[in-house]
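Asks: Below you'll find the structure I mean.
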Amino acid sequence: MKRTFKVATIFNIPIEINYSWFIIVGLVIFTLASGYFPATNPGLLPVAYLLMAIISALLLFASLLAHELAHSLVAEKHDLPIHGITLFVFGGVAQLEKEPATPAVEFKMAAAGPAMSFFLAVVFFSLTQTFFSLHFPAYVVSIVNYLFIINLVVGIFNLFPGFPLDGGRLLRAAIWHFTRDLKRATGIASAFGKIFAYLLIAYGLFNLFMGVVISGIWLIFIGFFLQEAADTSYRQVVMKKLLGGVRVAHLMTKNVVTVPANLPLEKLLDDYFFRLRFTSFPVVEDDTLLGLVTIHSVKEYQQDNWQQFTVRQVMSPITTGIVINEEASVIEALAKMSASGFGRLLVVKENKLIGILSQRDIMRLFEFKSEVSR
Ligand SMILES: [Zn+2]
Numbered sequence: 000m001k002r003t004f005k006v007a008t009i010f011n012i013p014i015e016i017n018y019s020w021f022i023i024v025g026l027v028i029f030t031l032a033s034g035y036f037p038a039t040n041p042g043l044l045p046v047a048y049l050l051m052a053i054i055s056a057l058l059l060f061a062s063l064l065a066h067e068l069a070h071s072l073v074a075e076k077h078d079l080p081i082h083g084i085t086l087f088v089f090g091g092v093a094q095l096e097k098e099p100a101t102p103a104v105e106f107k108m109a110a111a112g113p114a115m116s117f118f119l120a121v122v123f124f125s126l127t128q129t130f131f132s133l134h135f136p137a138y139v140v141s142i143v144n145y146l147f148i149i150n151l152v153v154g155i156f157n158l159f160p161g162f163p164l165d166g167g168r169l170l171r172a173a174i175w176h177f178t179r180d181l182k183r184a185t186g187i188a189s190a191f192g193k194i195f196a197y198l199l200i201a202y203g204l205f206n207l208f209m210g211v212v213i214s215g216i217w218l219i220f221i222g223f224f225l226q227e228a229a230d231t232s233y234r235q236v237v238m239k240k241l242l243g244g245v246r247v248a249h250l251m252t253k254n255v256v257t258v259p260a261n262l263p264l265e266k267l268l269d270d271y272f273f274r275l276r277f278t279s280f281p282v283v284e285d286d287t288l289l290g291l292v293t294i295h296s297v298k299e300y301q302q303d304n305w306q307q308f309t310v311r312q313v314m315s316p317i318t319t320g321i322v323i324n325e326e327a328s329v330i331e332a333l334a335k336m337s338a339s340g341f342g343r344l345l346v347v348k349e350n351k352l353i354g355i356l357s358q359r360d361i362m363r364l365f366e367f368k369s370e371v372s373r
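Per numbering that gives the first Met the number 0, the very first residue in the sequence shown carries number 0; after that it's consecutive.
What follows is the structure in structure tokens.
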């Protein structure tokens with residue numbers, strides 16, 4: 000399943016939102032409306048707290064976006080293309096197509112985000128002072144003051160030396176600079192990231208037992224997120240190192256079994272699915288790739304209809320998400336597979352099917368390569 004969707008494009012960078020983001024927005028608004036603002040501005044109506052919370056949450060996420068864009072613009076300046084930005088809690092993840100070329104580039108890139116957050120903190124601090132001395136309404140002052148605090152917190156939090164937090168990237172750049180070994184540097188920096196994550200979870204649990212429920216949930220949530228992020232980013236680095244140069248053409252299976260579009264479903268099942276036991280087949284007519292038929296799409300039809308319906312009626316049309324060029328790297332192929340949630344890609348050249356590539360093929364090569372490189 001796709002876990003993100005696109006909301007905007009800024010400086011040619013697609014901005015995506017992860018579904019978990021909605022839980023976070025809800026949690027931020029709830030925390031602010033029920034706890035923070037009633038404490039700073041007592042005596043207002045609940046609806047006023049809710050409005051203040053919504054405005055603050057929006058500005059908070061605009062601040063996080065600015066933080067991520069700062070990373071991305073520095074990356075692009077150093078010829079590191081950004082696939083997109085995915086927003087999560089306490090920042091986001093800028094999806095890099097490849098790792099930075101040198102420790103110095105990594106260092107500048109990692110520093111840009113917290114620098115932006117601290118800059119925003121200074122801006123909101125000045126606004127708070129100005130608005131206060133100009134006697135602006137108290138709720139306006141409270142909102143900008145909250146943004147000052149939260150940008151400061153985001154800047155400091157991200158500087159913790161655990162990969163993939165920015166501080167962890169700075170640490171990785173330093174270790175990389177001295178050891179000249181990116182894989183080892185990433186390993187050490189993500190180990191720190193995991194330690195930090197476990198500490199957050201432990202502290203969150205402690206809070207829960209002490210009855211401080213909301214901040215307890217917050218800490219546990221962020222801890223789990225970080226722990227998973229440390230794991231995946233380490234795996235990605237190792238994967239890029241081992242599979243970086245491998246092209247799709249190298250690994251694809253060339254003699255693909257295809258099915259004709261006018262084949263009745265009954266024959267499709269007997270002669271293809273039950274005999275060869277693949278979960279899907281490309282549909283080809285006159286040498287042209289038309290679509291893909293999966294075992295799931297047949298399942299929708301009653302057995303009585305297997306005679307009268309043909310492959311053409313049940314197949315899914317070809318979309319850009321399930322085809323790939325033979326010159327593409329297998330890393331790109333993996334990214335495509337995880338985005339589409341479909342474990343295979345059709346390799347296409349001028350609308351003709353020339354091969355098929357499965358996630359299992361890539362993973363097997365990865366296992367073999369890691370076995371040898373140990
Ligand atoms: Zn950052």
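By construction, the Cβ of each residue, glycine as well, lies at the ideal position given by its N, Cα and C atoms.
Quick caveat: nothing in here was measured; it's all calculated off a predicted structure.
Given 7 Å as the limit, tell me if G167 has its C-beta closer than that to any heavy atom belonging to ligand 1.
Replies: Here residue 167 refers to the residue found at position 168 when the sequence shown is read from its first residue. Flag unset: Cβ of G167 not near ligand 1.
Asks: State whether the stretch 274–289 contacts the stretch 240–250, with contact taken as three or more CB pairs (one from each stretch) at a distance under 8 Å.
Replies: Touching, no.
Asks: Could you give the DSSP three-state label for V290: helix, strand or coil?
Replies: Position 291 of the sequence shown holds residue 290. Residue identity differs from the one stated: residue 290 is Gly in this sequence, not Val. Three-state result, G290: strand.
Asks: Just mark E326 as buried or exposed, buried being the case when its beta carbon has 16 or more other beta carbons within 10 Å.
Replies: As a working mapping, residue 326 is identified with position 327 in the sequence shown. By the 10 Å Cβ count, E326 comes out exposed.
Asks: Taking only runs that begin and end inside the stretch 132–188, name each unbroken alpha helix (DSSP H) of 4 or more residues, in chain order.
Replies: Within the stretch 132–188, the complete alpha helix (DSSP H) runs of at least 4 residues are 137–157, 165–178.
Asks: Tell me which residues share the same chain as F195 and place their Cβ nearer than 7 Å to its Cβ, disregarding the 5 neighbours each side in the sequence.
Replies: On the sequence shown, residue 195 is found 196 positions in, with the first residue counted as 1. Taken in chain order, the residues that qualify are F159, G161, L225.
Asks: Along the beta strand (DSSP E) that carries R311, what are the first and last residues, could you check?
Replies: Here residue 311 corresponds to residue number 312 of the sequence shown, with the count starting at 1. Counting along the chain, R311 falls outside any beta strand (DSSP E), though it belongs to the alpha helix (DSSP H) covering 310–313.
Asks: What are the complete alpha helix (DSSP H) segments, minimum 4 residues, inside the stretch 322–370?
Replies: Counting only runs of 4 or more, we get 329–339.
Asks: May I ask whether a heavy atom of ligand 1 can be found less than 7 Å away from the beta carbon of G112?
Replies: Residue numbering aside, residue 112 sits at position 113 when the sequence shown is read from its first letter. G112 Cβ: within cutoff of ligand 1.
Asks: T127: which of A248, V27, I330, S141 sits nearest, CA to CA?
Replies: As a working mapping, residue 127 is identified with position 128 in the sequence shown. Per the Cα distances, S141.
Asks: Taking Cβ positions, are I317 and L344 nearer each other than 8 Å?
Replies: Position 318 of the sequence shown, counted from the first residue, corresponds to residue 317. Position 345 of the sequence shown, counted from the first residue, corresponds to residue 344. Contact flag unset, no.
Asks: Need the endpoints of the alpha helix (DSSP H) that F36 sits in, please.
Replies: Locating residue 36 in the sequence shown gives position 37, counting from the first residue. Unbroken alpha helix (DSSP H) run through F36: 36–39.
Asks: List in chain order: all unbroken beta strand (DSSP E) runs of 3+ residues lying wholly within the stretch 67–126.
Replies: Listed in chain order, the complete beta strand (DSSP E) runs (minimum 3 residues) inside the stretch 67–126 are 81–87, 90–95.
Asks: Which residues bound the alpha helix (DSSP H) around I213?
Replies: As a first step, residue 213 must be located in the sequence shown, where it is residue number 214. 212–242 is the span of the alpha helix (DSSP H), which, as asked, contains I213.
Asks: DSSP three-state label for R274, please.
Replies: Here residue 274 refers to the residue found at position 275 of the sequence shown. Three-state DSSP puts R274 in a helix.
Asks: Could you give the first and the last residue of the continuous alpha helix (DSSP H) run that contains S19?
Replies: By one-based count along the sequence shown, residue 19 stands at place 20. Per DSSP, S19 belongs to the alpha helix (DSSP H) from 19–30.
Asks: Taking contact to mean 3 or more Cβ pairs, one atom from each stretch, closer than 8 Å, check whether the stretch 175–182 and the stretch 130–144 are in contact.
Replies: Verdict: no, contact absent.
Asks: Just reading off the beta strand (DSSP E) that V247 is part of, what are its end residues?
Replies: For the purposes of this step, residue 247 is identified with residue 248 of the sequence shown, where counting begins at 1. Not the beta strand (DSSP E): V247 falls in the alpha helix (DSSP H), residues 247–250.
Asks: Use the C-beta contact count for H70: other C-beta atoms within 10 angstroms, 16 or more gives buried, fewer gives exposed.
Replies: Your numbering for residue 70 matches position 71 in the sequence shown. Classification for H70: buried.
Asks: Using the Cα positions of F123 and L146, report the straight-line distance between them to the nearest angstrom.
Replies: Your numbering for residue 123 matches position 124 in the sequence shown. Your numbering for residue 146 matches position 147 in the sequence shown. C-alpha separation (whole angstroms): 6 Å.
Asks: To the nearest angstrom, how far is the alpha carbon of F341 from that of Y233?
Replies: The residue labelled residue 341 in the question sits at position 342 within the sequence shown. The residue labelled residue 233 in the question sits at position 234 within the sequence shown. Taking the straight line from one Cα to the other gives about 23 Å.
Asks: Specify the secondary structure class of P259 as computed by DSSP and reduced to three states.
Replies: Stepping through the sequence shown from its first residue, residue 259 is reached at position 260. Note: P259 maps to coil in three-state DSSP.
Asks: Run through the DSSP bridge pairs and tell me what K5 is partnered with.
Replies: Walking along the sequence shown from the start, residue 5 turns up at place 6. E15, per the DSSP bridge assignment.
Asks: Between M336 and the rest of its own chain, which residues show a CB-CB distance below 7 Å, the 5 nearest in sequence each way excluded?
Replies: What you label residue 336 is simply residue 337 of the sequence shown in a count that begins at 1. Only G342, L344, Q358 meet the Cβ criterion.
Asks: G222 and I200 look like a contact to me (Cβ under 8 Å); what is the Cβ gap, rounded to whole Å?
Replies: Taking the sequence shown and counting its residues from 1, one reaches residue 222 at position 223. Taking the sequence shown and counting its residues from 1, one reaches residue 200 at position 201. G222 to I200, Cβ: 4 Å. Contact.
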